[in-house]
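**Student:** Supplied in structure tokens, the structure appears directly below.
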Amino acid sequence: MLGSIGAWLRANLFRNRTDAVVTVVVGSILLYALYRFLRFLFVTGRWEIVRVNLPLYLTGAWPSDELWRITTVIVAAALVGGLAAGVAARRAAEAPDRVDTGPRSPGRVALDLLDRLWPAVATVLLLLILARTAAPWLLVVAAVVVAIAANQVGRRLPLRVGWLVNLAIPVGVVAALWLLNGGVGWNEWGGLLLNLALAAIAITLCFPFGVLLALGRRSTFPILRLLSTVYIELFRGVPLIALLLLANQALGFFIPQSIAPGRTVRAIVVLTLFTAAYVAEIVRGGLQSVPPGQIEAGKANGLTALAITRRIVLPQAIRNVIPALVGQFISLFKDTTLAGAAMGFLDLLRAAEASTQQDAFRGDGLIAEALVFVLLVFWAGSYTMSRESQRLEKRLGVGVR
Amino acid sequence: MSRLLRLLSLLLVLALGAAACASADDDADDTAPEVEETDDADSEEEPDESDGDADADADEETVELTQGDGSLLDAVIAADEVRCGTRDALPGFAVLQPDGTHEGFDNDFCRAVAAAVLGDAEKVNFIDLETADRFTALQSGEIDVLIRNTTWTASRDGGEGATFLTTNFYDGQGMMVETGAFESLDDMDGAVVCVASGTTTEGNVATEFARRGLSVEVLSFEDTNLIQEAFLAGRCDGWSSDVSQLSALRTAYPDGESALTILAEVFSKEPLAPAVRDGDTAWAQAVNWAVLATIQAEELGITSANVDDFLGSDNPIVQRFLGVEVDGAVLDPGLGLPTDFNYQVISQVGNYGEIFERHITPLGLERGPNAQWLDGGLLYAPPYR
Amino acid sequence: MTTTTPTPEQPTSGSERSTAPAAVPFWRNVRVLAWTFQLVVLGLVIVVLAILFNNVRINSQNQGIPTGFDFLDQPTSFTIPANDLRDTQPVRDAIVEGTLNTLRVSVVGIILATVVGVLIGIGRLSGNWLVRNLARVYVEALRNIPLLGLVVFAYLAIVLTLPRVDDSIQAGNLLIINTRGASIPWPDGTNLLLVGLLALAAIAGWSVRRWRLGVSERTGEPSRVVAWVTPVVLLVLFWGAVLAGVGITSPMIDGPRVTGGMTLQPEYFALLMALVTYTASHIAEIVRGSIQAVPRGQGEAAKAMALTGVQQMRHVVLPQAFRIAIPPIANQYLNLMKNSSLGFVISYFELTKVVSTTIGNRSPAIPAYLVLILIYLVLSLIISLIMNTANRRLELPSR
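So the protein lines, in turn, are chains A, B and C.
Take the first sequence: its position 149, counting from 1, is numbered 149 in the numbering used here, and each next residue is one higher.
Take the second sequence: its position 119, counting from 1, is numbered 119 in the numbering used here, and each next residue is one higher.
Take the third sequence: its position 34, counting from 1, is numbered 34 in the numbering used here, and each next residue is one higher.
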């Protein structure tokens with residue numbers, strides 16, 4: 001045992017003299033940083049501000065008697081997510097080229113999931129501990145139970161109804177927005193809820209637009225190509241925050257004032273227009289990666305150009321760029337904080353900053369605690385998504401040469 | 001692959017659907033108010049005051065569009081909500097609480113307007129605005145009234161398309177420094193001063209230092225929290241803002257109030273007043289008299305606690321003011337407000353003195369110029385008759 | 001939405017250069033249809049833009065707000081920290097200073113982010129377990145947090161650690177560190193003069209390099225470029241400075257401020273640090289991917305030629321990796337330049353902060369934003385051009 005540890009150390013940390021010096025120097029810096037960080041976390045940090053303001057951070061000024069709407073949406077999301085995962089698992093199981101690895105025990109599956117999603121799981125646990133009341137625990141337990149049950153149901157569903165589940169996702173998003181909007185108008189949403197909603201709506205809307213732009217930029221029609229190129233380069237050349245400030249301070253001039261939309265709509269419009277340019281470039285990369293032979297084969301089969309684009313080129317192109325699209329979604333999620341700064345939303349970041357001015361905490365210099373919490377939440381969300389996208393990349397075999 | 005395609009087409013349909021819905025909404029606005037009625041009927045499970053904002057907006061637009069150049073007053077009554085521009089972290093004036101409500105001096109005046117116009121002080125939709133966007137929000141109709149610690153100046157009255165109403169707080173810009181660091185502004189040559197960006201504060205500091213022949217470096221932040229941190233860290237030697245603000249910040253200073261000094265020089269007049277959009281007299285008058293109600297009530301000695309006793313008063317001034325029926329007649333000054341609006345304001349929000357004591361006195365600030373004229377202050381309400 | 005374009009199906013289907021039979025009537029003619037379709041789209045775009053800008057005109061008129069660019073000549077009525085700009089100078093001067101500040105943070109940021117990013121990217125593939133994993137943690141932590149949060153955090157961290165002016169960290173007159181920033185001695189000439197001197201030195205250095213390379217080509221001697229160029233550049237700089245009468249000023253503490261020398265503001269430093277650490281995490285991933293994409297045989301061949309580890313990297317692997325990495329790294333450079341706009345949150349007066357401040361001081365919003373967008377587009381274009389040139393020159397001729 002000791003010998004194997006020694007061997008490991010020699011092989012990984014002390015291969016030669018330089019290596020040993022590097023290890024010692026880097027290691028001591030690391031230890032000191034770790035010490036400072038842990039001290040902040042457990043000794044000097046004062047986390048009441050996060051605990052007291054947790055509802056504000058997560059949902060902004062959401063009234064407590066309307067919380068059932070959020071609860072319903074979370075449980076419904078668990079239901080749909082579980083179903084979709086079940087159906088997908090079953091599809092994979094019945095795919096003809098599948099290598100049969102035999103049934104896996106539930107424990108294995110749970111461990112697997114934990115390994116995949118640990119940043120998100122850990123953060124949710126942290127939130128639950130901070131919340132200190134029973135209701136959130138119940139909600140999480142209910143959501144997990146519903147998800148597992150739905151997963152089992154999904155695995156038993158006949159494949160024919162699988163498309164219904166696919167349909168349920170966009171319909172569910174719309175229904176969720178409608179349900180939430182009924183309680184509090186979306187111009188008053190705040191906290192993490194607002195960051196998530198902005199990102200989800202903008203990515204959904206920008207995707208079709210981005211695909212059209214990408215097709216336009218590669219089209220044989222010169223005017224379309226020019227328009228798409230100008231659009232893409234214009235939006236990629238300007239910082240998002242400048243566009244948001246512009247929309248905030250000047251959008252009222254571009255449209256008749258009677259129909260000027262609220263701040264949330266403005267933010268969504270800007271985020272959508274901005275992200276569409278980036279999605280277009282990603283999809284264009286995907287289009288270029290489709291071998292010309294595919295198009296020629298389509299032509300040889302007598303397909304029209306539209307059919308070739310729709311049935312042959314786009315599916316392959318988009319499959320190739322799914323990980324990049326996930327990456328774009330992650331940066332969109334992070335960029336929603338800019339909407340808060342530029343438009344004065346109480347999104348997660350600004351809610352945290354504003355909370356330091358409350359009577360109980362004013363002048364205590366607790367902004368570090370609030371910021372660390374915010375960064376942690378964003379990190380957990382983004383990191384989980386980026387890990388999943390890497391997994392997807394491997395599964396799809398993208399980039400394998 | 002086919003699944004992807006299906007998903008893709010679904011997304012497309014969804015986007016088209018969303019676009020279609022949006023345009024359908026616009027159509028509804030143009031055609032008739034009946035459509036809105038049915039909308040409301042559809043969402044009957046909600047209590048009245050928690051109507052979605054979209055509905056409120058739609059209502060307001062309907063009124064505006066159908067009545068041409070009708071007053072915002074009608075629009076606000078139709079929407080059953082006052083959209084009040086405010087902010088989220090200004091101690092004493094407007095602070096967002098952990099439960100999402102707004103508490104502060106400015107917020108109470110928003111409530112007074114709602115009480116006067118709609119009879120319910122809680123029918124306010126507080127919209128947090130950055131300093132730089134507040135006039136744009138007013139111009140674009142995003143808010144009905146701006147009560148956000150805003151100084152009344154000539155160029156704002158003229159150039160920003162805003163009409164300022166009765167001043168509800170007389171303030172002045174001062175300079176706060178660490179006790180002992182500087183005795184007067186003239187000692188501060190070469191100092192770094194922190195201010196909030198996009199306000200007159202910024203220009204005032206530059207002008208004042210230039211006038212005294214001193215050099216100064218002005219850092220400006222959107223976010224008060226960052227100013228506070230920068231000042232605490234000694235990044236700035238001075239923090240310039242309205243004296244009321246500085247007092248508020250001083251009370252919360254970790255090292256105690258005495259660690260900071262507000263210099264004696266006050267280098268600007270800052271009358272803080274509510275503002276509405278230019279060219280809407282009816283709405284401007286309504287907001288103005290809602291503010292004046294609080295001042296008048298203090299002069300008459302009416303508070304939220306004793307207002308009901310005053311209903312039986314036989315003083316004709318009080319009777320007129322509270323809209324009490326005398327011999328079958330009630331004074332209706334024709335402001336487009338309910339005749340009992342003063343009563344509603346006082347009973348639900350309180351008089352000026354109460355509001356001041358609730359939010360400003362805890363900051364350690366005296367009434368000073370904000371006392372009634374009878375006490376040597378500047379508050380003076382025109383007669384209500 | 002799609003009601004106005006009657007025949008989208010037909011032209012698209014014929015877009016592939018298929019030769020139409022001669023007898024086809026014009027409304028079936030693929031080329032006619034294709035152009036009609038395009039013109040309709042173009043027309044729609046023009047109409048929409050026209051409506052929007054007409055609205056701007058009408059709305060501005062109603063509110064008495066000017067639409068022209070006269071505001072550029074109005075006085076700013078604000079000052080820029082660590083800058084000589086007076087509040088009576090016109091807005092155009094402030095915008096120029098803002099652009100220079102954007103460039104200051106972007107150029108330095110790009111250089112530092114590249115260095116740090118490459119080091120961490122190599123660290124990701126190190127044989128040392130600790131280094132490898134530390135690099136990984138760095139990349140995964142930094143890439144997944146919002147930059148805005150990082151900027152605010154960096155600012156607070158830096159400002160809160162710096163000592164106050166009266167207990168500055170001081171190394172004689174060479175270095176003073178306090179909340180005013182870090183101050184070092186600096187030549188006291190005008191910027192134009194300094195730039196001219198640097199240009200002169202660069203030209204001299206470049207000529208010497210060319211000459212040495214030529215000599216080496218002809219005679220086969222080693223070129224020893226560095227050994228020749230360094231003294232020449234230093235000599236030119238020194239004598240140039242002496243002849244032009246450029247002196248050196250040292251920083252000194254004078255009451256609440258530091259005078260003389262050059263001061264690096266905390267705002268600048270915080271923004272720079274946030275941009276560098278964030279962008280470096282992205283560059284590191286690009287570098288790692290590119291190194292892994294270099295065929296393994298290259299490294300092994302270099303090893304077989306008895307090159308040391310550092311030599312393998314420097315002469316064999318990295319040059320090939322960079323060829324792959326340049327386009328994505330160029331994107332990161334563009335992002336860094338655009339992200340410098342976040343300086344506006346921490347009172348670093350770069351372009352966006354300056355423009356938004358002038359709007360706060362009564363410049364009209366729309367023309368001001370048009371100027372802002374135009375400047376950013378030009379800056380983006382310049383970076384793209386430089387990187388494209390680099391890419392072309394590094395590309396293998398055989399491809």
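No residue lacks a Cβ here, since even glycine has one placed at the ideal position from N, Cα and C.
Just so we're clear, the structure is a prediction, and the values are computed from it rather than from any experiment.
Rounded to a whole number of angstroms, what is the C-alpha to C-alpha distance between Ala-114/B and Asp-93/C?
**Tutor:** Taking the first residue of the second sequence as position 1, residue 114/B is located at position 114. Taking the first residue of the third sequence as position 1, residue 93/C is located at position 93. Cα to Cα, Ala-114/B sits roughly 46 Å from Asp-93/C.
**Student:** Taking the straight line between their C-alpha atoms, what separation do you get for Gly-309/C and Ile-283/C?
**Tutor:** Locating residue 309/C in the third sequence gives position 309, counting from the first residue. Locating residue 283/C in the third sequence gives position 283, counting from the first residue. Gly-309/C and Ile-283/C: Cα-Cα distance of roughly 22 Å.
**Student:** If you draw a straight line from the C-alpha of Ala-131/A to the C-alpha of Leu-54/A, how long is it?
**Tutor:** One-based indexing of the first sequence puts residue 131/A at position 131. One-based indexing of the first sequence puts residue 54/A at position 54. Roughly 7 Å separates the two Cα atoms.
**Student:** Check the Cβ-Cβ distances between Ala-135/C and every residue of chain A, and say whether any is below 7 Å.
**Tutor:** The residue given as residue 135/C occupies position 135 in the third sequence. No, Ala-135/C does not count as interfacial toward chain A.
**Student:** Mind checking if Leu-56/A is an interface residue toward chain B, Cβ cutoff 7 Å exclusive?
**Tutor:** Locating residue 56/A in the first sequence gives position 56, counting from the first residue. At least one chain B Cβ lies under 7 Å of Leu-56/A.
**Student:** Considering only DSSP beta bridges, list what Cys-194/B is partnered with.
**Tutor:** On the second sequence, position 194 is the one that residue 194/B refers to. According to DSSP, Cys-194/B bridges with Leu-219/B and Trp-239/B.
**Student:** Name the chain C residues whose beta carbon is nearer than 8 Å to that of Trp-379/A?
**Tutor:** Counted from its first residue, the first sequence places residue 379/A at position 379. Those within 8 Å of Trp-379/A in chain C are Ala-141, Asn-144 and Ile-145.
**Student:** Put Gly-27/A into one of helix, strand or coil per three-state DSSP.
**Tutor:** The residue labelled residue 27/A in the question sits at position 27 within the first sequence. Gly-27/A falls in the helix class under three-state DSSP.
**Student:** Got a sec: which bits of the segment 352-370 of chain C sit with their beta carbon under 9 Å from any beta carbon on chain B, in order along the chain?
**Tutor:** Hits within the stretch, in order: Lys-353, Ser-356, Thr-357, Ile-359, Gly-360, Asn-361, Arg-362 and Ala-365.
**Student:** Applying the criterion that 16 or more other CB atoms from any shown protein chain within 10 Å of the CB defines a buried residue, is Leu-38/A buried or exposed?
**Tutor:** For the purposes of this step, residue 38/A is taken as residue 38 along the first sequence, with counting starting at 1. The residue in question, Leu-38/A, is exposed, as its Cβ has fewer than 16 Cβ neighbours within 10 Å.
**Student:** Can you give me the start and stop residues for the beta strand (DSSP E) that Phe-126/B sits inside?
**Tutor:** For the purposes of this step, residue 126/B is taken as the residue at position 126 of the second sequence. Here the beta strand (DSSP E) through Phe-126/B covers 124-128.
**Student:** I need the straight-line Cα distance from Trp-239/C to Gly-117/C, nearest angstrom please.
**Tutor:** Taking the first residue of the third sequence as position 1, residue 239/C is located at position 239. Taking the first residue of the third sequence as position 1, residue 117/C is located at position 117. Using only the alpha carbons, I get a separation of about 37 Å.
**Student:** Specify, as a first and last residue, the run of the beta strand (DSSP E) that Val-82/B falls within.
**Tutor:** For the purposes of this step, residue 82/B is taken as residue 82 along the second sequence, with counting starting at 1. First-last of the beta strand (DSSP E) with Val-82/B: 82-86.
**Student:** Give a yes or no on whether 7 Å exceeds the smallest Cβ distance from Asp-237/B to chain C.
**Tutor:** Locating residue 237/B in the second sequence gives position 237, counting from the first residue. By this cut-off, Asp-237/B is an interface position.
**Student:** Using a beta-carbon distance below 7 Å, is Leu-148/C in contact with chain A?
**Tutor:** For the purposes of this step, residue 148/C is taken as residue 148 along the third sequence, with counting starting at 1. At least one chain A Cβ lies under 7 Å of Leu-148/C.
**Student:** I'd like the ranges of any alpha helix (DSSP H) spanning at least 4 consecutive residues and lying wholly in the segment 299-375 of chain B.
**Tutor:** Within the segment 299-375 of chain B, the complete alpha helix (DSSP H) runs of at least 4 residues are 307-310, 316-322, 341-348 and 352-359.
**Student:** When you compare only the Cα positions, how much space is there between Thr-101/B and Ala-354/A?
**Tutor:** In the second sequence, counting from the first residue as 1, residue 101/B sits at position 101. In the first sequence, counting from the first residue as 1, residue 354/A sits at position 354. So the two alpha carbons sit approximately 13 Å from each other.
**Student:** Please return the same chain residues whose Cβ sits closer than 6 Å to the Cβ of Phe-209/A, not counting the five positions on each side in sequence.
**Tutor:** Stepping through the first sequence from its first residue, residue 209/A is reached at position 209. Closer than 6 Å at Cβ, skipping near neighbours: Ala-276.
**Student:** Would you mind working out which of Phe-221/A, Ile-49/A and Gly-327/A sits nearest Pro-98/B, comparing C-alpha positions?
**Tutor:** Counting from one through the second sequence, the residue named residue 98/B turns up at place 98. Nearest option by C-alpha distance: Ile-49/A.
**Student:** Can you grab the Cα-Cα spacing for the pair Ala-321/C / Pro-327/C, in whole Å?
**Tutor:** The count along the third sequence starts at 1 and reaches residue 321/C at position 321. The count along the third sequence starts at 1 and reaches residue 327/C at position 327. Each residue's alpha carbon lies about 12 Å from the other.
**Student:** Scan the segment 221-280 of chain C and note each continuous beta strand (DSSP E) run of 3 residues or more that stays entirely inside, going in chain order.
**Tutor:** For the segment 221-280 of chain C, whole beta strand (DSSP E) runs of length 3 or above, ordered along the chain, are 252-254, 257-259 and 262-264.
**Student:** Could you name the residues of the same chain whose beta carbon sits closer than 6 Å to that of Ala-324/A, not counting the 5 residues immediately before and after it, in chain order?
**Tutor:** As a first step, residue 324/A is located in the first sequence; it is residue number 324 there, counting from the start. Ile-282, listed in sequence order.
**Student:** Using a Cβ-Cβ cutoff of less than 6 Å, which residues in the same chain neighbour Val-192/B once the five nearest sequence positions on both sides are dropped?
**Tutor:** For the purposes of this step, residue 192/B is taken as the residue at position 192 of the second sequence. Cβ within range, chain order: Glu-217, Cys-236 and Asp-237.
**Student:** Just list the residues that DSSP pairs Gly-82/A with in beta bridges.
**Tutor:** Against the first sequence, residue 82/A aligns to sequence position 82. DSSP, once it has assigned bridges, lists no residue as partnering Gly-82/A.
**Student:** Do Val-24/A and the ligand SAM come close, with the Cβ less than 6 Å from some heavy atom?
**Tutor:** In the structure on display, the ligand SAM does not appear, and there are no ligands present to speak of.
**Student:** Would you tell me roughly how many angstroms separate the C-alpha atoms of Val-121/A and Leu-114/A, rounded to the nearest one?
**Tutor:** The residue given as residue 121/A occupies position 121 in the first sequence. The residue given as residue 114/A occupies position 114 in the first sequence. Their backbone Cα atoms lie some 7 Å apart in a straight line.
**Student:** When burial is assigned at 16 or more other CB atoms within 10 Å of the CB, is Phe-235/A buried or exposed?
**Tutor:** Indexing the first sequence from 1 puts residue 235/A at position 235. Its Cβ being crowded by 16 or more others within 10 Å, Phe-235/A is buried.
**Student:** Just to make sure I have the definition right: I need the residues of chain B whose C-beta is within less than 8 Å of the C-beta of Leu-246/A. Which are they?
**Tutor:** Within the first sequence, the letter at position 246 stands for residue 246/A. Residues of chain B passing the Cβ test: none, with the nearest at roughly 11 Å.
**Student:** What residues from the segment 138-152 of chain B come within 8 Å of chain A, judged by C-beta to C-beta, listed N to C?
**Tutor:** The segment 138-152 of chain B vs chain A, Cβ under 8 Å: Gln-139, Ser-140, Gly-141 and Glu-142.
**Student:** If we ignore side chains and look at the alpha-carbon of each, how far apart do Ala-34/C and Arg-218/A end up?
**Tutor:** The count along the third sequence starts at 1 and reaches residue 34/C at position 34. The count along the first sequence starts at 1 and reaches residue 218/A at position 218. Looking at the two C-alpha atoms, the distance is approximately 15 Å.
**Student:** Quick one: using the 10 Å Cβ neighbour count with 16 as the cut-off for buried, is Ile-382/C buried or exposed?
**Tutor:** Counting from one through the third sequence, the residue named residue 382/C turns up at place 382. Classification of Ile-382/C: exposed, given that the 10 Å Cβ count is below 16.
**Student:** Mapping DSSP to helix, strand and coil, what is Gln-357/A?
**Tutor:** For the purposes of this step, residue 357/A is taken as the residue at position 357 of the first sequence. Coil, per DSSP.
**Student:** Helix, strand or coil for Thr-12/C per DSSP?
**Tutor:** If you number the third sequence from 1, residue 12/C lands on position 12. With a pLDDT of 43 at Thr-12/C, under the threshold of 50, the modelled position of that residue is not reliable, and no figure is offered here.
**Student:** Using a Cβ-Cβ cut-off of 6 Å (strictly less than) and excluding sequence neighbours within five positions of Asp-26/B, which residues of its own chain qualify?
**Tutor:** Locating residue 26/B in the second sequence gives position 26, counting from the first residue. Any reading at Asp-26/B needs caution, since the residue's pLDDT is 36, under 50, leaving its predicted position unreliable; the model's value is listed next. For Asp-26/B, where only same-chain residues beyond five positions count, there are no Cβ hits under 6 Å.
**Student:** Strictly below 8 Å CB to CB, what residues from chain C border Thr-337/A?
**Tutor:** As a first step, residue 337/A is located in the first sequence; it is residue number 337 there, counting from the start. Residues of chain C passing the Cβ test: Pro-146, Leu-148 and Gly-149.
**Student:** Just to confirm, are Leu-306/A and Leu-240/A a CB contact at a threshold of 7 Å?
**Tutor:** Here residue 306/A corresponds to residue number 306 of the first sequence, with the count starting at 1. Here residue 240/A corresponds to residue number 240 of the first sequence, with the count starting at 1. It is not a contact, given that the beta carbons lie outside the stated cut-off.
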